[in-house]
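Residue numbers (the working numbering), protein chains in the order written: chain H, 1 to 171; chain L, 172 to 271; chain A, 272 to 915; chain Y, 916 to 1426. Using N, Cα and C, we set each Cβ at its ideal position, and we do this for glycine too. Model, not experiment: these values are computed from the prediction. Below is one structure, written out as structure tokens; the observations come after it.
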């Protein structure tokens, strides 16, 4: 087994394990914290895939912003009772079976994929010479300008929405 | 080299764990967290495709997914807060407002 | 064309009376109707003369219904048979119209009475003058309608309203057959006109028709169906039940409609269809047997009745039986002859009894129709008594009175009619005995002996006014002398003038008996008439205690007869009640209510309960929706993956 | 194909007649005053009848072709046209509708006092829809009118009806709608089978395979049988009649339920002759059952309107019997009987409505001895009672006689059975009359006899009863060529003189 494969094995095992920890923790705070660890692992996996930019925003946005938001909410709601109660729904076995089904089906699909499109021209060498951030920036502002703009709109809506929803009603 | 399929399988497994969490947990915050987990699993496969197919589109997609995830988390948690103000519960199986 | 006025005059009178009677005419209604019907009578006489001169009038006035090959006109046929009927109908109508001026005087519905009566005359004239079966049917139903109105004239009395309805519905049973007969005639002959149908009758003879899986002679079937109608209208067994009840109507109505004219429509119709009946021995025998049996059946009931009008009503049924017997043995002209004489003496009987009822009513007597409460009226009402006697002599067949001639002719023809004929002759002779008995019983109970009501009432009994007695005298004249148009050839060579007159339409009766036979029959009929008279005389004048003794002795028989063989009860129990009950409980309650409505309301309520069940699945808990959605998506993915 | 556009009148007379009430309804929107609304409505309905009079004058009684045709393209891409015209079968219904509309307005003069404007608008809209059904020669147009009819009727019953009006209205709507939807499916199938045309005449002249005919026949049958209503589909009728306001009952009995039978004549018989022949025996049986069953059920009724409603079931049994006898007498009798039933039952409902205004009860047991209290009313009532019984001299007789003649010609057993309906009919009608007008006179009850307006309302119907009774040729003349043509075509298509020729082996009494 080569070194990259060993690295990958480590990440695969730990990501799977961390995921399981995330979804099974009783205390949401613990779940969020395990999630944080998980995100760091994923960011490293991105580095492995020559996606430095993604690794960066994974840490900055996901770990830094979204998870903190989650933590805030958990703290705000101050759910003490949660720890003493059931953590799963009554129907959890069905969920388990469904999830297992998903896993089997998806793996089955993926195994079947044999034909791939022609590789594009963004080879590793090119990426390394031009720089990952540069390429993404160029593509994002040219070819994918419209989706990019829409994304900004979505974010705007989300901001306004969040403000409106959480605002206290004026009597 | 690590074969592409390894990444994909990892992605599939993590996605399924996300689904598992989504379907099993009662706490709505954990449900949201499971959704994030699913999104991340997809991100892994997108990034892997991008790398192996030497195409930048995959990374762009990840970028977009992350922004959408951010928006989703913000709105979702805001709804949760607003809801909690009226009904002090966030148990997924106790909320039945959809019932006519 | 002027003869179209014969029915039209009464129709016009009807219109005027019904439209303006209530407001304007009121008590002067007879000034409209009486001239109209007398006008009809005069025209009828002129028509009779015309026919006597050898003319037969057959005109179509206009096309009534035309549909495909089916064409029917409104048209009139005046031949000897019609001419005789015209005379009978218009003359008796005229007299009864006049009589009613006195009898109905002061009644609240005076104008209405004359209106209906005029409508009746119109309908009856249409019936006899029609030149096709559908118009005959029209008249047939229209007289039934008038009968309905007139029986129920005092409609606020439940019994009267019931009787009217009963008459109409029982008649409908007969008309049901009659209507089908008419339809079958059209389908067989392709026309409903008399001349065409009778002209082609022999072509159809022997043909059969598949009916309910049986092959029946077409002609036989037609005749039997037509005869159904006659049975209903002429109150023969088993549809006779309406006629006695019809006596709820005013007495002039009973006289005109339920004795002299309408009820004889059946006889007229069968005689009219003689070319068809001649071809079907089965139908002929049926007619004869029904007639003979009815004659004796009704006579037995009449023996014990106490209501003066009911006795006469049963007597009418019995006499109608005679007429059918005559028709059935092929002696059509004898049947019509009896119809003609019967019209006069029976109308007279009714009117005279009406005179009695009228007098008693005005005297304040409450049970005015019960003979057991009468008696000794002879000295108070001499005119009525005399005409009553004349009518009775006629009906019982005492020689030299008109009833003798016609009845004797029938008995003679029946006697000649083979084995069945002999049997029927025996029945008829027996019925004649009974006729004599109950007729004289009626006279003795009503006019002889002592008055059995209160003295105060007796004081107030007076002879009826002139407007009543004059028509009585005129009818009495008819009752005595009407028979002289048909003297048996044995007495006078060319005596059977009516038979000769009718021969072009009705033909000559078959068979000739010996003189000995004829004399034997005449002797027997005179003998039974006298015997009946004698028995009545002994029982009700000499030994007045005898009736009670006999009644006690033969209690069950008396009860059976008194209750008219319980036929009304039988119909009520087996037909009317079960039908009403089935209608309510089975059809409306169960079938409509449960089964059909069950399905109709069941489908929506099933859907409602089904969706109520479905609603329970919609818990509103979003996680369960998510679960279902996930499973659904999984199924789709799995299907895409594993489906070959 | 007979495409010669016949139109004897150079202006679109049919369109004017059909849409005049609709225009009137729009006009009514701007009128406030209740009595002005009534007068306007009366004027519009009368104007409709007056506008239709030229049709009588210029109607060609010698041809079976569609007359007064109007054809305009509407949605050409789907083959939908505005195509209208009338023949000898539909012309009489036009007049019946126009007449009964006037009478409906008149009879509602006093009895409708709430939401007068809305009531008259509904009435006028319905008139347009009904007329539209009778003139349409394009399936699309036809279906629009057919369904458009339901809405105003639903409103009339549901708003101005009696106590259980909502139940009755919903039942009426769902019942008839369920049938109509199946017909719509049938129309769509025809559209695709008939080279994408919705022209009724073109579709009628086509031949379809037997199995398809049977299915289509059943689809149309569902719509028509409910409307007629034939025997097992009749239970909406008593409820709807009983609860509807008088005008609603009159329109319902007078013309609405005629559309089912009209549909059989216009669509089922020309389009699906083989299927008609195949289903003739079941339909005959249903008709006879309807006649006898409807009559028997009448005996158990305690409500005036309900009794008349059930008698409608019986009478409409005669109509379907006549139509499916498929000989001249039967069909002409059937059409005539439809008109008669419209006249007689319409009149009976009118009269019941009039007395109801005075007594506010419909229970038969609440009446009695009314012949003394309201003699004119009683006198007019009995005319219609006897017309309903089918007494010769009235219109009912002509219709029933022709039908029984036709039915007897087609199949003796059913002819005989149908004739028993006449006995029963006399029974329940006379019993009704006796209970209401004769026995049980109640002292001190004061009810006004009918007034001038009401006499005017009834007079046309009385005249028609006797006119048809004594001179039915006046109406029969209109329909001869159309009916003859219908039957000739049918016989040519099915190669048989008698509709029951296929059942000879069964020995059921057929020829």
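Query: Step through the CB atoms of chain H and report whether any lies within less than 8 Å of the CB of residue 227 of chain L.; Result: yes
Query: Could you confirm whether any beta carbon from chain Y is found closer than 8 Å to the beta carbon of residue 334 of chain A?; Result: yes
Query: Can you find the residues in the same chain that come closer than 6 Å, C-beta to C-beta, to residue 513 of chain A, ignoring five residues on each side of it along the sequence?; Result: 437, 438 and 441
Query: Give the list of continuous beta strand (DSSP E) stretches no shorter than 3 residues that lie fully inside the stretch 1148-1234 of chain Y.; Result: none
Query: Helix, strand or coil for residue 1425 of chain Y per DSSP?; Result: Confidence at residue 1425 of chain Y is low in this model, with a pLDDT of 38, below 50, so its placement is unreliable and no value can be given for it.
Query: Under 8 Å by Cβ, that's how I've got residue 1353 of chain Y and residue 1302 of chain Y pegged, so tell me the actual separation to the nearest angstrom.; Result: The Cβ separation is near 19 Å, so there is no contact.
Query: Taking DSSP as the reference, what is the three-state secondary structure of residue 917 of chain Y?; Result: Confidence is the limiting factor: at residue 917 of chain Y the pLDDT is only 41, short of 50, which leaves the residue's position unreliable, though a coordinate-based value still follows. Of the three classes helix, strand and coil, the one that applies to residue 917 of chain Y here is coil, per DSSP.
Query: To the nearest angstrom, how far is it from the Cα of residue 696 of chain A to the Cα of residue 791 of chain A?; Result: 12 Å
Query: Could you give the C-beta distance for residue 242 of chain L and residue 154 of chain H, rounded to a whole number, given that I count them as a contact under 8 Å?; Result: 5 Å
Query: Specify whether the stretch 698-717 of chain A and the stretch 772-781 of chain A touch according to this definition: at least 3 beta carbon pairs, one from each stretch, less than 8 Å apart.; Result: no
Query: Tell me where the alpha helix (DSSP H) around residue 225 of chain L begins and ends.; Result: Per DSSP, residue 225 of chain L belongs to no alpha helix (DSSP H) and is neither H nor E.
Query: Would DSSP call residue 718 of chain A helix, strand or coil?; Result: helix
Query: Is DSSP giving residue 1076 of chain Y helix, strand or coil here?; Result: coil
Query: Run through chain A and tell me which residues come within less than 7 Å of residue 31 of chain H, C-beta to C-beta.; Result: Near residue 31 of chain H there are no residues of chain A at all, since even the closest Cβ is about 17 Å away, more than 7 Å.
Query: Please list the segments of the beta strand (DSSP E) lying wholly inside the stretch 341-405 of chain A, counting only runs of 3 or more residues, in order along the chain.; Result: 341-349
Query: Could you check the C-alpha separation between residue 1147 of chain Y and residue 867 of chain A for me, to the nearest Å?; Result: 7 Å
Query: Would you please state the rounded distance, in angstroms, between the beta carbons of residue 947 of chain Y and residue 1024 of chain Y? I believe it to be under 8 Å.; Result: Incorrect: roughly 18 Å between the Cβ atoms, too far for contact.
Query: If we cut at 8 Å on Cβ distances, does residue 891 of chain A have a partner in chain L?; Result: yes
Query: Taking the C-alpha atoms as reference points, what is the distance between residue 300 of chain A and residue 372 of chain A?; Result: 9 Å
Query: Hey, would you say residue 1199 of chain Y sits closer than 8 Å to residue 1135 of chain Y, going by beta carbons?; Result: no
Query: Helix, strand or coil, according to DSSP, for residue 1420 of chain Y in the structure here?; Result: Its pLDDT being 37, under 50, residue 1420 of chain Y is placed unreliably by the model, and the measurement read from it follows with that caveat. In this structure, residue 1420 of chain Y counts as helix in the three-state DSSP scheme.
Query: For residue 897 of chain A, I'd like the list of residues in its chain whose CB is within less than 6 Å of its CB, leaving aside the five on either flank, ordered along the chain.; Result: none
Query: Identify the contact partners of residue 42 of chain H in chain L, using a Cβ-Cβ distance below 7 Å as the criterion.; Result: 211 and 215
Query: With burial defined as no fewer than 16 other Cβ atoms inside 10 Å of the residue's Cβ, what is the status of residue 1107 of chain Y: buried or exposed?; Result: exposed
Query: Which value, in whole angstroms, describes the spacing of the CA atoms of residue 1289 of chain Y and residue 516 of chain A?; Result: 27 Å
Query: Which ranges does the alpha helix (DSSP H) cover as unbroken runs of at least 4 residues, wholly within the stretch 46-123 of chain H, from first to last along the chain?; Result: 52-57, 67-77 and 92-112
Query: Quick check on DSSP: helix, strand or coil for residue 17 of chain H?; Result: helix
Query: Buried or exposed for residue 780 of chain A, going by 16 or more other Cβ atoms inside 10 Å?; Result: buried
Query: What residues in its chain sit with their C-beta under 6 Å from that of residue 919 of chain Y, if we drop five residues either side in the sequence?; Result: Unreliable placement is indicated for residue 919 of chain Y, whose pLDDT of 48 sits below 50; the coordinate value is still reported in the next sentence. Result list for residue 919 of chain Y: empty, nothing under 6 Å.
Query: Please work out which residues of its chain come closer than 8 Å, Cβ to Cβ, to residue 166 of chain H, disregarding the five sequence neighbours upstream and downstream, and give them in chain order.; Result: none
Query: Counting C-beta neighbours from all protein chains within 10 Å, is the total for residue 762 of chain A 16 or more, i.e. buried, or is it exposed?; Result: exposed
Query: Could you give the C-beta distance for residue 920 of chain A and residue 573 of chain A, rounded to a whole number, given that I count them as a contact under 8 Å?; Result: The first residue shown for chain A is 272 and the last is 915, placing residue 920 of chain A beyond what the model contains.
Query: If residue 1080 of chain Y sits next to residue 1158 of chain Y, beta carbons under 8 Å apart, how far is it from one beta carbon to the other, in whole angstroms?; Result: 5 Å
Query: Answer with buried or exposed for residue 933 of chain Y, where buried requires no fewer than 16 other C-beta atoms within 10 angstroms of its C-beta.; Result: buried
Query: Output the boundary residues of the beta strand (DSSP E) element that contains residue 487 of chain A.; Result: 485-488
Query: In this structure, how does DSSP classify residue 998 of chain Y when only helix, strand and coil are distinguished?; Result: strand
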